[in-house]
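Working notes, beginning with the structure itself.
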Amino acid sequence: RWHRQLAQVFTDIFNLSLEQATVPTCLKTTTIVPVPKHSAAKCLNDFCPVALTPIAIKCFEKLLMNHLTAGLPPTLDPYQFAYRPNRSTEDAVSAALYSALTKLDKSNTYSRMLFIDFSSAFNTVHPTVLITKLSELGICPYICRWILNFLTNRPQSVRLGNQVSSTLILNTGIPQGCVLSPLLYSLFTHDCAPLYNSNIFINYADDTTVVGQIDNNDESAYREEIRNLAAWCATNNLTLNATKTKELIVDFQKSNSGRHLPVNINGTEVERVSSFKFLGVHISEDLSLQQNMSALVKKAQQRLYFLRSLKKSHLSPGILTSFYRCIIESILTNSITVWYGGSTVCERKALQRVVKTAQRITGTQLPAIEHLHHSRCLRRAYNIIKDSSHPSHKLFNLFPSRRRYRNLRTRTSRFRDSFFPSTITLLNST
1 RWHRQLAQVF TDIFNLSLEQ ATVPTCLKTT TIVPVPKHSA AKCLNDFCPV ALTPIAIKCF
61 EKLLMNHLTA GLPPTLDPYQ FAYRPNRSTE DAVSAALYSA LTKLDKSNTY SRMLFIDFSS
121 AFNTVHPTVL ITKLSELGIC PYICRWILNF LTNRPQSVRL GNQVSSTLIL NTGIPQGCVL
181 SPLLYSLFTH DCAPLYNSNI FINYADDTTV VGQIDNNDES AYREEIRNLA AWCATNNLTL
241 NATKTKELIV DFQKSNSGRH LPVNINGTEV ERVSSFKFLG VHISEDLSLQ QNMSALVKKA
301 QQRLYFLRSL KKSHLSPGIL TSFYRCIIES ILTNSITVWY GGSTVCERKA LQRVVKTAQR
361 ITGTQLPAIE HLHHSRCLRR AYNIIKDSSH PSHKLFNLFP SRRRYRNLRT RTSRFRDSFF
421 PSTITLLNST
């Protein structure tokens, strides 16, 4: 009943706000609540400043985002996987691994993966620079002016418990927690693109990864790319945090053992790591998935405790099964299309043991992990095939008979078991 009475009122307010390119101060007033990034926060950098804004402006942002995305050119950075239809973290990780594996499948090659960390990326965006970039993308001038007004002269205070700070007026940054913020940030960085064909930038919101493909130990293009990236960040008022930036070197050539020189960003040496958690998936320098599998199994086993507790409370099998699928199966299948193909028999048995334990507790038949993997691989493949703008669409090529897809050429089992080659084989067998 209430929505009918409020709909016309808010429609008039939204239309007037857009027409005048003005956001009422009461609607863009922001309260910042520090949210810990980790369970054990020790310093201020361990907190993320989340902006709380009125519900009314969130509704308007959602409406505006539909118009904003509809006006974006199809040539926008294909390797920005955040906040775009038919894109996910699985696509980002798969693209990074495919880029590395295609190079590693050849001789005298290796890959360097640089995981970039920005210091307060959202908070350092200049609204005027953002609006200039939106205009260059062909975004409607009315929307550009509205966004500029929304991001400037913003009253902001910080709330910690029952304590509230005094109010400040901000003219810089994109508040984290707003509906439009992630999309605006990805548009702000759309012109940050590699200059050399041997490198690619994998972007997921403010997570940027540089994948360098090295031939014959010639790293000149990779190192020049990093220097250009640092220069772009300086021009756009983004700060590269070299201390938190990490590098992973995947090199199976024994002759190069211990010979790789570190990368420097603005005079600071980047730390080389043996493994890195990239968008929820642990990637190691030998591309084994043991650490990722161990973490998944451990986390799922911990959740089995809650399933047993619900069983003791005499809940129905249907509720227990729903709990399993929401809380436990979602952990076991997180980015499963990326890592399951390269797992060992022992690791797969460990995953299936969790499923069998859950079956005994719920008293119902649960789908096997392998079955879930196959179904999700096929679903992802069909979604990519239907989307010609997807960066991986070109990998699925039909034969003239249009009955089978061309298999990707692979030399090593490491590459053959990865998502794209194995899924094309699976498509041809169905």
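Under full-length UniProt numbering, the sequence shown has 278 at position 278, and the numbering climbs by one with no breaks.
Using N, Cα and C, we set each Cβ at its ideal position, and we do this for glycine too.
| Check | Outcome |
| --- | --- |
| What number of angstroms, rounded off, separates the C-alpha of T268 from the C-alpha of F415? | 34 angstroms |
| Assuming H373 is part of the alpha helix (DSSP H), what are its boundary residues? | 369–386 |
| Please report the straight-line C-alpha distance between T410 and I13, rounded to a whole angstrom. | 59 angstroms |
| Check the C-beta distance from I369 over to L351 and give it rounded, since I have them as a contact under 8 angstroms. | 5 angstroms |
| Using three-state DSSP, classify residue 431 as helix, strand or coil. | Nothing in the structure corresponds to residue 431, since the chain is present only between 1 and 430. |
| Curious, which full-length beta strand (DSSP E) runs of at least 3 residues does the segment 266–314 contain? | 275–278, 281–284 |
| Taking C-alpha atoms, which residue in T412, T124, N108 lies nearest to S255? | N108 |
| Could you give the DSSP three-state label for F399: helix, strand or coil? | coil |
| Are the Cβ atoms of T425 and N407 separated by less than 8 angstroms? | yes |
| Could you tell me whether the segment 352–362 touches the segment 305–319, using the rule of 3 or more Cβ pairs below 8 angstroms? | yes |
| Under DSSP, the beta strand (DSSP E) around P34 begins and ends at which residues? | 30–36 |
| Thinking C-alpha only, which one of S275, Q253, T235, S220 is nearest T245? | S275 |
| The beta strand (DSSP E) with V211 in it runs from where to where? | 207–215 |
| Taking 8 angstroms as the cut-off, decide whether the C-beta atoms of S198 and G212 are in contact. | yes |
| In whole angstroms, what is the alpha-carbon distance linking I116 and S313? | 47 angstroms |
| Name the one or two DSSP bridge partners that V50 has. | V33 |
| Return the bridge partner residues of S157 from the DSSP annotation. | T31 |
| If you run the structure through DSSP and keep just helix, strand and coil, what is D105? | coil |
| Which same chain residues, not among the five before or five after A242, have their C-beta less than 7 angstroms away from its C-beta? | I265, N266, T268, V270 |
| With burial defined as no fewer than 16 other Cβ atoms inside 10 Å of the residue's Cβ, what is the status of L114: buried or exposed? | buried |
| For I55, does the count of other Cβ atoms within 10 angstroms reach 16, so buried, or fall short, so exposed? | exposed |
| Under 8 angstroms, do P175 and A51 count as touching if we go by C-beta distance? | yes |
| Which residue comes first and which comes last in the alpha helix (DSSP H) that contains N15? | 2–20 |
| Thinking C-beta only, is S322 closer than 8 angstroms to E90? | no |
| On the criterion of 16 or more Cβ atoms from any shown chain inside 10 Å, does H390 qualify as buried, or is it exposed? | buried |
| Do A82 and S157 have their C-beta atoms closer together than 8 angstroms? | no |
| Measuring straight from C-alpha to C-alpha, what distance separates N236 and T128? | 11 angstroms |
| Rank S343, R154, K394, R403 by C-alpha distance to the C-alpha of S413 and give the top, closest one. | S343 |
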